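Quick note, the working numbering runs 21 ahead of the 1-based positions in the sequence shown.
Think of the CB as a built atom: it goes at the ideal place given N, C-alpha and C, for glycine as much as any other residue.
These figures come from a predicted structure and were not determined experimentally.
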Amino acid sequence: MAHTMATIKNPFESSTPAPASATSYKNEIERYAKGPSKIEMAIERLSEAKLKWKPNPKKWSIREIVCHLADSEIVGVARMHQIVSASKDAPPTLVTYDQDALAERYTYNSNDEQTALQVFKTVRKHATALLKSLPSEAFEKTGVHPKLGKMTLTELVKLYADHVETHLKQIEALKEQLQSDER
22 MAHTMATIKN PFESSTPAPA SATSYKNEIE RYAKGPSKIE MAIERLSEAK
72 LKWKPNPKKW SIREIVCHLA DSEIVGVARM HQIVSASKDA PPTLVTYDQD
122 ALAERYTYNS NDEQTALQVF KTVRKHATAL LKSLPSEAFE KTGVHPKLGK
172 MTLTELVKLY ADHVETHLKQ IEALKEQLQS DER
(Lines of atoms letter the chains of each structure in order from A; the text may use other names.)
(Lines give C-alpha, C1' and ligand atoms only; values in the text may rest on other atoms or scores of the structure.)
Protein backbone atom coordinates (compact mmCIF):
# COMPACT_ATOMS: atom_id res chain seq x y z
CA MET A 22 0.00 0.00 0.00
CA ALA A 23 1.88 3.05 -1.21
CA HIS A 24 0.99 6.29 0.49
CA THR A 25 0.69 8.80 -2.30
CA MET A 26 -0.64 12.31 -1.92
CA ALA A 27 -0.15 13.60 -5.46
CA THR A 28 -0.16 17.39 -5.24
CA ILE A 29 -0.29 17.58 -1.44
CA LYS A 30 3.18 18.13 -0.02
CA ASN A 31 4.18 15.76 2.78
CA PRO A 32 6.30 17.61 5.38
CA PHE A 33 8.17 14.39 6.20
CA GLU A 34 9.45 14.07 2.64
CA SER A 35 11.17 17.46 2.44
CA SER A 36 14.93 17.46 2.07
CA THR A 37 15.26 19.85 5.01
CA PRO A 38 12.83 20.90 7.71
CA ALA A 39 11.29 24.32 7.36
CA PRO A 40 13.19 26.78 9.56
CA ALA A 41 11.63 27.77 12.84
CA SER A 42 13.22 30.32 15.13
CA ALA A 43 13.69 29.57 18.80
CA THR A 44 11.33 32.44 19.60
CA SER A 45 8.53 30.88 17.55
CA TYR A 46 8.24 27.77 19.70
CA LYS A 47 5.18 29.08 21.56
CA ASN A 48 3.35 29.72 18.28
CA GLU A 49 4.25 26.25 17.05
CA ILE A 50 2.96 24.67 20.26
CA GLU A 51 -0.35 26.48 19.77
CA ARG A 52 -0.60 25.30 16.15
CA TYR A 53 0.35 21.80 17.26
CA ALA A 54 -2.33 21.77 19.98
CA LYS A 55 -5.13 22.64 17.53
CA GLY A 56 -4.52 19.72 15.17
CA PRO A 57 -6.80 17.06 16.67
CA SER A 58 -9.87 19.30 16.78
CA LYS A 59 -9.39 20.13 13.09
CA ILE A 60 -9.28 16.44 12.21
CA GLU A 61 -12.28 15.71 14.42
CA MET A 62 -14.34 18.40 12.66
CA ALA A 63 -13.24 17.17 9.23
CA ILE A 64 -14.45 13.61 9.83
CA GLU A 65 -17.60 14.18 11.88
CA ARG A 66 -20.79 12.76 10.42
CA LEU A 67 -19.00 10.76 7.72
CA SER A 68 -20.59 7.42 6.95
CA GLU A 69 -18.75 4.12 7.22
CA ALA A 70 -18.61 3.93 3.42
CA LYS A 71 -17.07 7.40 3.13
CA LEU A 72 -14.52 6.70 5.86
CA LYS A 73 -13.37 3.51 4.10
CA TRP A 74 -13.50 4.80 0.51
CA LYS A 75 -10.23 4.89 -1.43
CA PRO A 76 -9.80 6.55 -4.82
CA ASN A 77 -7.50 3.66 -5.73
CA PRO A 78 -5.79 0.81 -3.87
CA LYS A 79 -2.52 2.74 -3.54
CA LYS A 80 -4.02 5.71 -1.70
CA TRP A 81 -5.24 5.93 1.87
CA SER A 82 -8.85 6.26 2.97
CA ILE A 83 -9.93 8.86 5.53
CA ARG A 84 -10.02 6.13 8.18
CA GLU A 85 -6.46 5.09 7.32
CA ILE A 86 -5.31 8.71 7.60
CA VAL A 87 -6.81 9.03 11.09
CA CYS A 88 -5.22 5.74 12.20
CA HIS A 89 -1.91 6.92 10.74
CA LEU A 90 -2.15 10.20 12.66
CA ALA A 91 -2.59 8.31 15.94
CA ASP A 92 0.44 6.10 15.33
CA SER A 93 2.49 8.97 13.94
CA GLU A 94 1.72 11.04 17.03
CA ILE A 95 3.05 8.29 19.29
CA VAL A 96 6.28 8.24 17.28
CA GLY A 97 6.42 12.04 17.23
CA VAL A 98 6.18 12.28 20.99
CA ALA A 99 8.86 9.59 21.34
CA ARG A 100 11.07 11.75 19.10
CA MET A 101 10.38 14.79 21.27
CA HIS A 102 11.28 12.76 24.37
CA GLN A 103 14.53 11.70 22.70
CA ILE A 104 15.51 15.33 22.10
CA VAL A 105 14.41 16.59 25.52
CA SER A 106 16.16 13.80 27.43
CA ALA A 107 19.42 13.81 25.45
CA SER A 108 22.54 15.76 26.24
CA LYS A 109 22.88 18.96 24.21
CA ASP A 110 26.32 17.71 23.15
CA ALA A 111 25.00 14.41 21.77
CA PRO A 112 21.90 14.88 19.59
CA PRO A 113 19.99 11.59 19.30
CA THR A 114 19.13 9.85 16.06
CA LEU A 115 15.35 9.98 16.00
CA VAL A 116 13.33 6.79 15.74
CA THR A 117 11.76 5.97 12.35
CA TYR A 118 9.14 3.56 11.05
CA ASP A 119 7.53 2.47 7.79
CA GLN A 120 4.11 4.14 7.74
CA ASP A 121 2.85 2.11 4.79
CA ALA A 122 3.85 -1.18 6.40
CA LEU A 123 1.96 -0.21 9.57
CA ALA A 124 -1.14 0.78 7.61
CA GLU A 125 -1.11 -2.55 5.80
CA ARG A 126 -0.15 -4.85 8.67
CA TYR A 127 -2.49 -3.22 11.17
CA THR A 128 -5.24 -3.12 8.52
CA TYR A 129 -6.01 0.50 9.32
CA ASN A 130 -9.08 0.47 7.07
CA SER A 131 -10.67 -2.18 9.31
CA ASN A 132 -9.92 -0.33 12.54
CA ASP A 133 -12.05 2.15 14.43
CA GLU A 134 -11.18 5.72 13.48
CA GLN A 135 -12.88 7.06 16.61
CA THR A 136 -10.53 5.07 18.84
CA ALA A 137 -7.59 6.29 16.76
CA LEU A 138 -8.88 9.86 17.01
CA GLN A 139 -9.13 9.58 20.80
CA VAL A 140 -5.55 8.29 20.98
CA PHE A 141 -4.41 11.16 18.76
CA LYS A 142 -6.27 13.74 20.87
CA THR A 143 -5.07 12.34 24.20
CA VAL A 144 -1.42 11.91 23.22
CA ARG A 145 -1.29 15.37 21.67
CA LYS A 146 -2.99 17.00 24.68
CA HIS A 147 -0.47 15.38 27.02
CA ALA A 148 2.47 16.30 24.77
CA THR A 149 1.23 19.90 24.55
CA ALA A 150 1.20 20.16 28.35
CA LEU A 151 4.71 18.71 28.53
CA LEU A 152 6.01 21.08 25.84
CA LYS A 153 4.50 24.09 27.63
CA SER A 154 6.33 23.08 30.81
CA LEU A 155 9.77 23.23 29.17
CA PRO A 156 12.12 26.21 29.43
CA SER A 157 12.73 28.10 26.17
CA GLU A 158 16.28 26.78 25.79
CA ALA A 159 14.91 23.22 25.50
CA PHE A 160 13.47 24.16 22.11
CA GLU A 161 16.97 24.82 20.77
CA LYS A 162 18.06 21.24 21.51
CA THR A 163 18.41 19.05 18.45
CA GLY A 164 17.95 15.53 17.19
CA VAL A 165 18.88 13.95 13.87
CA HIS A 166 16.06 12.70 11.69
CA PRO A 167 17.45 10.04 9.32
CA LYS A 168 15.73 11.61 6.28
CA LEU A 169 15.47 15.28 7.25
CA GLY A 170 18.75 15.73 9.11
CA LYS A 171 19.40 17.81 12.20
CA MET A 172 16.37 19.60 13.61
CA THR A 173 15.54 21.53 16.76
CA LEU A 174 12.68 20.65 19.06
CA THR A 175 10.85 23.72 17.70
CA GLU A 176 11.27 22.41 14.15
CA LEU A 177 9.98 19.00 15.20
CA VAL A 178 6.89 20.52 16.81
CA LYS A 179 6.37 22.56 13.62
CA LEU A 180 6.76 19.41 11.52
CA TYR A 181 3.97 17.69 13.45
CA ALA A 182 1.72 20.76 13.26
CA ASP A 183 2.34 20.82 9.49
CA HIS A 184 1.73 17.06 9.33
CA VAL A 185 -1.86 17.53 10.47
CA GLU A 186 -2.39 20.34 7.96
CA THR A 187 -1.12 18.08 5.18
CA HIS A 188 -3.49 15.28 6.11
CA LEU A 189 -6.35 17.71 6.62
CA LYS A 190 -5.91 18.81 2.99
CA GLN A 191 -5.81 15.16 1.98
CA ILE A 192 -9.06 14.45 3.88
CA GLU A 193 -10.76 17.46 2.30
CA ALA A 194 -9.61 16.34 -1.16
CA LEU A 195 -11.05 12.87 -0.54
CA LYS A 196 -14.34 14.37 0.63
CA GLU A 197 -14.49 16.49 -2.53
CA GLN A 198 -13.86 13.41 -4.68
CA LEU A 199 -16.64 11.59 -2.84
CA GLN A 200 -19.04 14.49 -3.44
CA SER A 201 -18.23 14.64 -7.14
CA ASP A 202 -18.74 10.87 -7.43
CA GLU A 203 -22.20 11.25 -5.85
CA ARG A 204 -23.33 13.72 -8.52
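Rounded separation between residue i and residue j - CA only
| i | j | result |
| --- | --- | --- |
| Pro156 | Leu174 | 12 angstroms |
| His147 | Met172 | 22 angstroms |
| Tyr218 | Ala91 | Residue numbering for the chain in the displayed model covers 22 to 204; residue 218 lies beyond these limits and cannot be assessed. |
| Gly170 | Leu152 | 22 angstroms |
| Lys168 | Arg126 | 23 angstroms |
| Lys55 | Ile192 | 16 angstroms |
| Ser93 | Tyr118 | 9 angstroms |
| Gln103 | Arg52 | 21 angstroms |
| Ser131 | Ala99 | 26 angstroms |
| Arg145 | Glu61 | 13 angstroms |
| Lys79 | Ser45 | 37 angstroms |
| Ile50 | Ser154 | 11 angstroms |
| Leu189 | Lys59 | 8 angstroms |
For residue i, the nearest candidate out of the options (CA to CA)
| i | options | result |
| --- | --- | --- |
| Val87 | His184, Gln200 and Ser201 | His184 |
| Gln120 | Gln198, Val96, Gln191 and Ala159 | Val96 |
| Met101 | Lys190, Ala150, Asn48 and Asp202 | Ala150 |
| Asn48 | Gln139, Ser154, Lys179 and Phe141 | Lys179 |
| Glu177 | Lys190, Ala159 and Thr128 | According to the sequence shown, residue 177 is Leu rather than Glu. It is Ala159 whose Cα lies nearest to the Cα of Leu177. |
Cut-off 6 angstroms between Cβ atoms - residues of its own chain near residue i, not counting five sequence neighbours on either side
| i | result |
| --- | --- |
| Lys71 | Leu199 |
| Ala137 | Val87, Cys88 and Ala91 |
| Gln84 | One detail in the question is off: residue 84 reads as Arg in this sequence, not Gln. Cβ neighbours of Arg84 beyond the five flanking positions: Leu72, Lys73, Asn130 and Glu134. |
| Val141 | The sequence given here has Phe at residue 141, not Val. The residues are Pro57, Leu90, Ala91 and Glu94. |
Per DSSP, cross-strand counterpart(s) of residue i
| i | result |
| --- | --- |
| Lys171 | Val165 |
| Thr114 | Val165 |
8 angstroms Cβ shell around residue i - same chain, five flanking residues per side excluded
| i | result |
| --- | --- |
| Pro76 | Leu195 and Gln198 |
| Leu123 | His89, Asp92 and Tyr129 |
Cut-off 7 angstroms between Cβ atoms - residues of its own chain near residue i, not counting five sequence neighbours on either side
| i | result |
| --- | --- |
| Ser82 | Leu72, Lys73, Trp74, Lys75 and Asn130 |
Quiz item: Is the number of C-beta pairs between the segment 102-116 and the segment 146-164 that are closer than 8 angstroms three or more?
Solution: yes
Exercise. Determine contact between the segment 53-69 and the segment 109-118, defined as no fewer than three beta-carbon pairs at a distance below 8 angstroms.
Key: no
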